[in-house]
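In this note's numbering, the protein residues as written are 72 to 634.
Here is the structure:
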């Protein structure tokens, strides 16, 4: 009874205060919990909100659930297991309006948009000592809104445009056209290119700069079929003296055998302090720092390419059925479990005719074989390729999951933190990975100059200027010591193959193909499992059923084929 009497007293007091000064009470800003009114009161609040969006971007495209649909079921990748029934091997079952990733992609992009809208709508009310800093912060918010709407438009087609902060529930969304969304993205990016800082003036590694906005603007102009503007935007980056393709050795392993492409993906070589002038926007991944993206604290946003994209080689038995490996080791590529693997088109076909020339296909950059390292094995010191037929016959080795080629950029061979080795001293000395390992510990390229060249090549191709397109493609191929492509051989298919050679598992492959309307065509042509089940409407994702269901005051139209 004491609790109830006290509650009634407080309730009466509240009503009394409300009656005495209702207007002031309604306008009062709460001070003891976060609300929109007190969360955006000073520049540091904007910094925190922008940091939250950076984290969202990183988590949205990390190396496991955040990337699986972006790579799987395309011309690039398929499942290492359950490849016929899962992993986008069975499109009718794996891609529906109620599929989890369909709703997750939608909601994550709109969360970024919501936070960007809040910044854009409130920043002018916040006193800044530095006006340039204010405009730069505002430009970051515009960039992120553009980046999120770009992802939505590429994946879903036309989506609702919401350009102001929502403070009350809204259930009457209607879809704008894809072209309208692209136009809004363009408008936001034009603000961003004006006010974002130059790369030499950014506050910290990983922060956005003008070149990132110009790079993305080039892609959006391609989406709008404005090829001249796409060329102009890409050229701003390519011709900028602060950027250059890394065609000479650099970074912390430049004194070891290697090549410039390999150097791009070595530890601590992604940011400009390594001498790297190719990175445009680099997502920072820090080991064992809460929120760092490469740590034990934040597994949902950890880059796990190594765990899910590299083979389960360490399960292999020798010709006597005994262990062939001492375990998963740093020198062999880490603790992979073979969930996602490249298609044969990626691992073999795109390299044909230039197999031994293209540096991107050499043994440093594309791991294709392992040497038995268990001293007690009868096959100790032999390459798996030398005894593969015997292993298949004797042990039924799973060549879909345990033994396949993968790009070494997905892991940190020989460079894993000691904390994920061992923990016994002898195991650390052997390089054996412990059970908590599996992350990729590299900073991740969101954009780099190699892709900018290929965007401009696509624009030149769109204009019918194959000569200039070939020149841009060959800038990339020359760095890789690959044979130059002739003007006559430049096609969109060739360009997409070159993107695969250069940008495999960096670019968001499904988003690229969806932008071009080629998810279905390329998957049917190059993916032996998803290609059998994919249907014409799968170029786009369905609108999530949950979004349609709760939009009770207007019709949120479903994409054709998903009804």
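Virtual Cβ for every residue (Gly too), placed ideally from N, Cα, C.
Under the DSSP assignment, residue 352 falls in the beta strand (DSSP E) whose first and last residues are 350-354.
For residue 129, the closest C-alpha among the options 355, 351, 261 is that of 355. Of all C-beta pairs linking the segment 235-253 to the segment 281-290, fewer than three are shorter than 8 Å, placing the two stretches out of contact. In this chain, the beta strand (DSSP E) harbouring residue 148 covers 148-150.
Scanning the segment 581-626 from its first residue to its last, the whole alpha helix (DSSP H) runs of 4-plus residues come out as 590-597, 601-604, 616-621.
By the neighbour-count criterion, in which 16 or more other beta carbons inside 10 Å mark a residue as buried, residue 382 falls on the buried side. Inter-segment contact for the segment 106-126 and the segment 530-545 is absent: fewer than three beta-carbon pairs are separated by less than 8 Å. Taking residue 166 as reference, the option from 601, 124, 205, 480 with the minimal CA-CA separation is 601.
Secondary structure at residue 492: strand, using DSSP grouped into helix, strand and coil. Scanning the segment 138-215 for uninterrupted beta strand (DSSP E) segments of 3 residues or longer gives 148-150, listed from N- to C-terminal end. Between the segment 429-436 and the segment 173-182 there are fewer than three inter-stretch CB-CB distances shorter than 8 Å, so the stretches are not counted as touching.
Per the coordinates, the alpha-carbon of residue 588 lies some 19 Å from the alpha-carbon of residue 163.
In the DSSP assignment, residue 266 falls within the unbroken alpha helix (DSSP H) covering 249-266. In the three-state DSSP reduction, residue 119 falls in the helix class (H, G or I).
Only residues of its own chain outside the window of five on either side were considered, and among them 537, 538, 541 have a CB closer than 7 Å to the CB of residue 558, listed in chain order. Taking a contact to require three or more Cβ pairs closer than 8 Å, the segment 272-281 and the segment 502-510 do not qualify as touching. Considered as a whole, the segment 464-490 harbours no complete run of any beta strand (DSSP E) with no fewer than 3 residues. Per DSSP, the continuous beta strand (DSSP E) segment holding residue 517 begins and ends at 515-519.
Taking C-beta separations shorter than 7 Å and ignoring five residues to either side along the sequence, the partners of residue 466 in its chain run 388, 392, following chain order. The C-beta of residue 207 has 16 or more other C-beta atoms within 10 Å across all chains shown, which makes the residue buried.
Apart from the 5 residues on each side of it in sequence, residue 402 sits with its Cβ closer than 7 Å to the Cβ of 484, 485, 502 in its chain, given in chain order. When the five nearest sequence neighbours on each side are left out, the beta carbons in the same chain lying within less than 6 Å of the beta carbon of residue 152 are those of 472, in order along the chain.
In this structure residue 508 is buried. Its beta-carbon is surrounded by 16 or more other beta-carbon atoms within 10 angstroms. The Cβ atoms of residue 455 and residue 474 lie closer than 8 Å to each other. Three or more beta-carbon pairs separated by less than 8 Å are not found between the segment 417-424 and the segment 440-456, which leaves the two stretches without contact. Taking a cut-off of 8 Å on C-beta distances, the segment 179-198 touches the segment 118-129, as three or more cross pairs fall below it. The beta-carbon distance between residue 262 and residue 219, rounded to whole angstroms, is 15 Å. This is too long to meet the 8 Å contact definition. When DSSP states are grouped into helix, strand and coil, residue 271 belongs to the helix group. Residue state for residue 411 is assigned as strand, using DSSP reduced to three classes.
Distance between residue 347 and residue 311, taken at the CA atoms: about 14 Å.
A Cβ-Cβ distance of about 5 Å is found for the pair residue 224 and residue 249, placing them in contact under the 8 Å criterion. Residue 552 is positioned such that its CB atom lies closer than 8 Å to that of residue 428. Burial of residue 478 is indicated by the presence of at least 16 other C-beta atoms within 10 angstroms of its C-beta. No Cβ-Cβ contact shorter than 8 Å links residue 437 with residue 404.
Contact between the segment 309-325 and the segment 510-520 is present, with at least three C-beta pairs closer than 8 Å. Bounds of the alpha helix (DSSP H) holding residue 307 are 298-309.
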